[in-house]
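According to my numbering, the sequence shown is numbered sequentially starting from 12.
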Amino acid sequence: MSAEKPVEALTPAEAAAELERLARAIADADAAYYQNDAPELTDADYDALRQRNLAIEARFPELKREDSPTERVGAEAGDGFAKARHSAPMLSLDNAFTDEDVADFAARIRRFLGLPAEEVVAFTAEPKIDGLSLSLTYEKGKLMRAATRGDGQTGEDVTKNARTLKDIPAKLKGSGWPDSIEIRGEVYMAKSDFAALNVREEAAGRKTFANPRNAAAGSLRQLDVEITKARPLRFFAYAWAAASAPFAETQFEAVGAFADWGFVTNPRMIRIETVEEVLSYYTEIEAERAGLEYDIDGVVYKVDRLDWQQRLGFVSRAPRWAIAHKFPAEKAVTRLLGIDIQVGRTGSLTPVARLEPVTVGGVVVSNATLHNEDEIARLGVKPGDRVEVQRAGDVIPQVLRVVEAGQGPVWTMPDTCPVCGSAAVREIDDAGREDVRRRCTGGLICPAQAVERLKHFVSRKALDIDGLGEKQVALFFEKGVLKAPQDIFRLKTNIEAAGLPPLEEWEGFGAASAKKLYSAIDARRKVAFARFLNGLGIRYVGQTTSSQFARSFLSWQSFWAAVRAAEEGGVGSEAYNELIGIDGIGQAAARALMAFEGEPHNREMLAALLQEVEVEDEVPAATDSPVAGKTVVFTGTLEKMTRDEAKARASALGAKVAGSVSAKTDIVIAGPGAGSKLAKAEQLGLTVMTEDDWLALIGEA
Ligand code: IVH
Numbered sequence: 012m013s014a015e016k017p018v019e020a021l022t023p024a025e026a027a028a029e030l031e032r033l034a035r036a037i038a039d040a041d042a043a044y045y046q047n048d049a050p051e052l053t054d055a056d057y058d059a060l061r062q063r064n065l066a067i068e069a070r071f072p073e074l075k076r077e078d079s080p081t082e083r084v085g086a087e088a089g090d091g092f093a094k095a096r097h098s099a100p101m102l103s104l105d106n107a108f109t110d111e112d113v114a115d116f117a118a119r120i121r122r123f124l125g126l127p128a129e130e131v132v133a134f135t136a137e138p139k140i141d142g143l144s145l146s147l148t149y150e151k152g153k154l155m156r157a158a159t160r161g162d163g164q165t166g167e168d169v170t171k172n173a174r175t176l177k178d179i180p181a182k183l184k185g186s187g188w189p190d191s192i193e194i195r196g197e198v199y200m201a202k203s204d205f206a207a208l209n210v211r212e213e214a215a216g217r218k219t220f221a222n223p224r225n226a227a228a229g230s231l232r233q234l235d236v237e238i239t240k241a242r243p244l245r246f247f248a249y250a251w252a253a254a255s256a257p258f259a260e261t262q263f264e265a266v267g268a269f270a271d272w273g274f275v276t277n278p279r280m281i282r283i284e285t286v287e288e289v290l291s292y293y294t295e296i297e298a299e300r301a302g303l304e305y306d307i308d309g310v311v312y313k314v315d316r317l318d319w320q321q322r323l324g325f326v327s328r329a330p331r332w333a334i335a336h337k338f339p340a341e342k343a344v345t346r347l348l349g350i351d352i353q354v355g356r357t358g359s360l361t362p363v364a365r366l367e368p369v370t371v372g373g374v375v376v377s378n379a380t381l382h383n384e385d386e387i388a389r390l391g392v393k394p395g396d397r398v399e400v401q402r403a404g405d406v407i408p409q410v411l412r413v414v415e416a417g418q419g420p421v422w423t424m425p426d427t428c429p430v431c432g433s434a435a436v437r438e439i440d441d442a443g444r445e446d447v448r449r450r451c452t453g454g455l456i457c458p459a460q461a462v463e464r465l466k467h468f469v470s471r472k473a474l475d476i477d478g479l480g481e482k483q484v485a486l487f488f489e490k491g492v493l494k495a496p497q498d499i500f501r502l503k504t505n506i507e508a509a510g511l512p513p514l515e516e517w518e519g520f521g522a523a524s525a526k527k528l529y530s531a532i533d534a535r536r537k538v539a540f541a542r543f544l545n546g547l548g549i550r551y552v553g554q555t556t557s558s559q560f561a562r563s564f565l566s567w568q569s570f571w572a573a574v575r576a577a578e579e580g581g582v583g584s585e586a587y588n589e590l591i592g593i594d595g596i597g598q599a600a601a602r603a604l605m606a607f608e609g610e611p612h613n614r615e616m617l618a619a620l621l622q623e624v625e626v627e628d629e630v631p632a633a634t635d636s637p638v639a640g641k642t643v644v645f646t647g648t649l650e651k652m653t654r655d656e657a658k659a660r661a662s663a664l665g666a667k668v669a670g671s672v673s674a675k676t677d678i679v680i681a682g683p684g685a686g687s688k689l690a691k692a693e694q695l696g697l698t699v700m701t702e703d704d705w706l707a708l709i710g711e712a
């Protein structure tokens with residue numbers, strides 16, 4: 012920075028010019044830091060800018076700008092952390108609700124590993140803490156970074172905040188820790204600390220927290236570290252990732268090691284060997300639940316042997332070797348005030364119960380889903396009735412039953428869309444079954460569907476545009492400047508063309524946030540294949556299916572060429588077979604893609620959108636493996652591992668596992684009893700190998 016005039020020496024005109032310069036410089040620095048992950052200033056330089064701004068404002072309060080950087084900090088709390096990419100995804104857990112689900116889980120593991128009945132499978136069992144997960148990176152025993160879960164791939168860097176927790180060691184104790192490791196666990200607030208915090212908040216005239224989980228999340232994600240420091244947060248360590256060296260053979264030993272290294276681990280974690288013991292542990296913890304120091308929402312079982320965990324691997328976002336056994340949902344009784352209709356992005360009409368607000372398990376509920384008209388008929392529910400509602404975890408609350416009928420008239424589902432007035436019908440499928448959902452037939456002309464599609468396009472699991480949430484999408488849509496996905500990238504021009512004032516003059520925007528939004532949009536001009544496909548909101552093509560297509564085709568161009576060819580060639584064509592030949596892809600997804608491509612409006616939209624964004628190629632899972640990118644088919648009996656395990660291993664190494672043999676197949680692994688697939692492979696002159704050849708190829712012989 013050039014020699015600056017001392018604040019005391021500034022004339023009012025100089026001060027005004029200086030405040031303008033500082034507002035811009037700070038907004039630019041914020042954008043570089045928060046949106047582009049590329050800080051342009053050192054922390055010290057940035058602080059100096061802010062301090063100078065503050066000093067000038069203190070001397071010339073009348074010159075304080077509307078977009079003053081001093082005003083923005085508080086308003087944007089929680090929005091201002093740097094992104095932190097996890098070295099291995101932070102996973103979630105599959106849920107079990109019944110004893111049978113748990114027995115199925117254990118049986119699945121045996122089947123996958125091909126274990127004989129007499130082989131004991133030990134599990135660890137521990138409470139499932141209702142907090143928020145945190146990943147702590149340690150290098151040479153020193154805490155380097157703390158990151159929240161975020162979307163599982165990328166979270167927020169909350170290192171400074173995490174350092175204030177006494178349960179999180181800044182330096183690992185003892186010995187035997189790998190040079191680098193990510194320790195994962197749960198940040199939570201004890202019930203007693205939560206109650207005391209709310210008393211203090213209330214006394215200070217501030218908003219209280221709904222439950223300990225919200226209080227923990229709100230306390231950790233504070234831009235002002237001093238606030239976090241003053242909050243009684245705790246941490247249990249229960250998992251890890253990216254260890255540079257092995258340090259244990261079982262889950263139980265691993266968590267024991269965490270305790271030696273200075274972490275707090277859950278004293279209620281035990282090791283058990285039978286499904287019966289697992290279930291009695293569940294009953295025991297459920298009985299203790301109310302008296303525990305912290306909120307829990309179930310118990311977690313994990314396969315104890317780490318070599319087995321390794322072999323079991325993951326399915327989409329959850330490990331095969333662990334499961335959360337959830338406690339029954341919490342319930343409450345309240346009055347049904349009315350039934351509203353929500354129109355979804357695929358046109359489905361969902362009846363939503365408007366309720367007299369009621370607290371269910373620590374959260375105030377005022378809406379609950381009624382699913383569809385058959386469900387309403389089954390419940391026999393109508394406005395005015397007293398109903399029982401249930402809330403379980405993060406799922407949408409549901410109406411369970413009528414407790415006491417009121418005087419209201421019977422409610423009927425409308426047969427037109429409440430938004431666009433088009434007919435709303437229940438489709439009949441090929442087998443003559445009626446869809447339980449009524450759908451608006453307005454398609455592209457229905458504004459509700461259009462808005463929902465746009466919301467989906469920018470949502471976290473799709474384009475994930477910071478600052479462009481549901482509220483903003485609805486606003487831009489209403490103003491007519493955002494009608495189709497491509498308009499997002501033409502927002503500025505569309506606003507100008509509509510004769511509207513520039514965004515920075517709109518209520519609720521201001522120069523800094525307008526600039527921030529535009530740069531967040533620009534940051535998404537390059538987008539990952541799976542996010543882009545998921546964002547299109549095609550029926551049956553959600554997050555998991557989109558990732559499967561991305562991993563299989565790698566490039567958007569080759570994928571869409573196959574969709575186009577399938578649309579032209581129809582069901583049964585080679586391109587169609589290529590789509591449904593991908594492991595895990597069903598006919599419904601293939602047909603929905605073809606129908607999408609067959610609609611001229613969609614083709615135009617896609618072409619316009621691709622003018623604005625570049626869809627990045629998917630990077631194969633493990634590029635250094637000899638089978639990365641290869642299409643493989645398993646046929647016949649495998650002798651060293653189960654079919655499921657073989658497929659999972661191949662996918663983990665970046666291979667594409669297909670269900671049928673075609674000219675595009677690279678390797679066919681044929682075991683005893685292989686029949687028509689082997690014959691076809693030989694006829695096509697493909698590489699055919701035995702299970703042992705395959706294991707040798709992937710270095711596991
Ligand atoms: S293990 C790969 N253990 O539950 C293993 N998770 O519903 C992943 N959670 O994201 C997690 N208590 O935030 C594990 N004892 C426990 C847990 C636990 C709470 C959370 C965790 C996870 C979520 C999944």
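Backbone N, C-alpha and C define an ideal beta-carbon position, used for all residues, glycine too.
- Endpoints, beta strand (DSSP E) assigned at Ser687: First-last for Ser687: 687 to 695, but that is the alpha helix (DSSP H), not the beta strand (DSSP E).
- Message: Rounding to the nearest angstrom, what Cα-Cα distance links Val643 and Gln568 in this structure?
- Response: Spanning the two alpha carbons is a distance of roughly 22 Å.
- Which ranges would you report for the alpha helix (DSSP H) in the segment 421 to 505 if only whole runs of at least 4 residues count? You should have 458 to 469, 481 to 489.
- Measure the alpha-carbon distance for Glu197 versus Ile506 and round it to whole angstroms. Each residue's alpha carbon lies about 45 Å from the other.
- Using the beta-carbon count (16 or more within 10 Å), is Met155 buried or exposed? So Met155 counts as exposed.
- Beta-carbon proximity of Gln497 to Leu604, cut-off 8 Å: Not in contact: Gln497 and Leu604 (Cβ atoms no closer than 8 Å).
- Over what stretch of residues does the beta strand (DSSP E) that includes Thr245 continue unbroken? Note on residue identity: the sequence assigns Arg, not Thr, to residue 245. For Arg245, the enclosing beta strand (DSSP E) begins and ends at 244 to 252.
- Return helix, strand or coil for Gln554, following the three-state DSSP convention. Secondary structure at Gln554: helix, using DSSP grouped into helix, strand and coil.
- Can you list the residues near the ligand IVH, meaning Cβ strictly closer than 5 Å to any non-hydrogen atom, in the order they appear in the chain? For the ligand IVH, the selected residues are Leu102, Ser103, Leu104, Glu137, Lys139, Ile140, Ser144, Glu197, Tyr249, Ala250, Val311, Pro330.
- Residue ranges of each alpha helix (DSSP H) run of no fewer than 4 residues wholly in the segment 264 to 350, ordered along the chain? Correct list: 286 to 299, 317 to 323.
- Task: For the segment 207 to 242, list the alpha helix (DSSP H) runs that are entirely contained and at least 4 residues long, ordered along the chain.
- Result: Whole alpha helix (DSSP H) segments, 4+ residues: 223 to 231, 236 to 241.
- Message: Using C-beta distances below 8 Å, list every residue in its chain close to Ser291, excluding the 5 sequence neighbours before and after it, in chain order.
- Response: Cβ neighbours of Ser291 beyond the five flanking positions: none.
- Message: I need the boundaries of the beta strand (DSSP E) containing Met605, first residue and last residue.
- Response: Here Met605 belongs to no beta strand (DSSP E); instead the alpha helix (DSSP H) covers 598 to 609.
- Where Gly595 and Ile680 are concerned, what is the direct C-alpha to C-alpha distance, given to the nearest angstrom? Approximately 19 Å, taken between the alpha carbons.
- Query: For the 8 Å Cβ check, are there 3 or more pairs between the segment 181 to 197 and the segment 138 to 153?
  - Reply: The answer is yes - the segment 138 to 153 touches the segment 181 to 197, with three or more Cβ pairs under 8 Å.
- Message: Looking at the secondary structure, which residues open and close the beta strand (DSSP E) in which Leu565 lies?
- Response: Premise fails: Leu565 is in no beta strand (DSSP E) and is neither H nor E.
- Close beta carbons around Ala86, own chain, < 6 Å, minus the five adjacent residues each side: Note that Ala86 scores 27 on pLDDT, short of 50, meaning its location in the model is unreliable; the coordinates nonetheless yield the value given after this. Non-local C-beta neighbours of Ala86 in its own chain, meaning closer than 6 Å and more than five positions away in sequence, are absent.
- Query: Just reading off the alpha helix (DSSP H) that Ile387 is part of, what are its end residues?
  - Reply: Taken as a continuous stretch (DSSP letters only), the alpha helix (DSSP H) holding Ile387 covers 384 to 390.
- Task: Please go through the segment 145 to 205 and give each complete alpha helix (DSSP H) segment of 4 or more residues, from N-terminal end onward.
- Result: Within the segment 145 to 205, the complete alpha helix (DSSP H) runs of at least 4 residues fall at 170 to 173.
- If you follow the beta strand (DSSP E) that Arg660 is part of, which residue opens it and which one closes it? Per DSSP, Arg660 lies in no beta strand (DSSP E) segment; the continuous alpha helix (DSSP H) that holds it begins and ends at 654 to 663.
- Query: For Pro17, does the count of other Cβ atoms within 10 angstroms reach 16, so buried, or fall short, so exposed?
  - Reply: Exposed, since its Cβ has fewer than 16 Cβ neighbours within 10 Å.
- Would you grab the beta carbon distance between Asn545 and Lys466 for me? Rounded to a whole angstrom, and I think it's under 8 Å. Your pair Asn545 and Lys466 does not check out as a contact, with CB atoms roughly 13 Å apart and the cut at 8 Å.
- Message: Buried or exposed, going by whether 16 or more other CB atoms sit within 10 Å of the CB of Glu25?
- Response: Here Glu25 is exposed. Its C-beta has fewer than 16 other C-beta atoms within 10 Å.
- Message: Do Ala227 and Gly142 have their beta-carbon atoms positioned less than 8 Å apart in this structure?
- Response: In terms of Cβ geometry, Gly142 and Ala227 form a close pair [threshold 8 Å].
- Item | Cβ neighbour criterion (16 or more within 10 Å) applied to Ile678 | Buried is the call here.
- Per DSSP, which one or two residues make a beta bridge with Phe134? For Phe134, DSSP records a beta bridge to Ile283, Val314.
- Message: I need the straight-line Cα distance from Phe338 to Glu297, nearest angstrom please.
- Response: C-alpha separation (whole angstroms): 7 Å.
- Task: Note down, in chain order, each residue of its chain lying with its Cβ closer than 6 Å to the Cβ of Ala459, except the 5 sequence neighbours on either side.
- Result: Shown here for Ala459: same chain residues with a beta carbon closer than 6 Å to its own, the five before and five after excluded, namely Val354, Val430 in chain order.
- Task: Kindly examine the ligand HEM and report whether one of its heavy atoms sits closer than 7 Å to the Cβ of Leu74.
- Result: Of the ligands this structure carries, namely the ligand IVH, none is the ligand HEM.
- For the segment 514 to 530 against the segment 538 to 555, are there 3 or more C-beta pairs whose distance is under 8 Å? Fewer than three Cβ pairs drawn from the segment 514 to 530 and the segment 538 to 555 lie within less than 8 Å of each other, which leaves the two stretches out of contact.
- Query: Nearest-angstrom Cα distance between Val413 and Pro394?
  - Reply: Per the coordinates, the alpha-carbon of Val413 lies some 11 Å from the alpha-carbon of Pro394.
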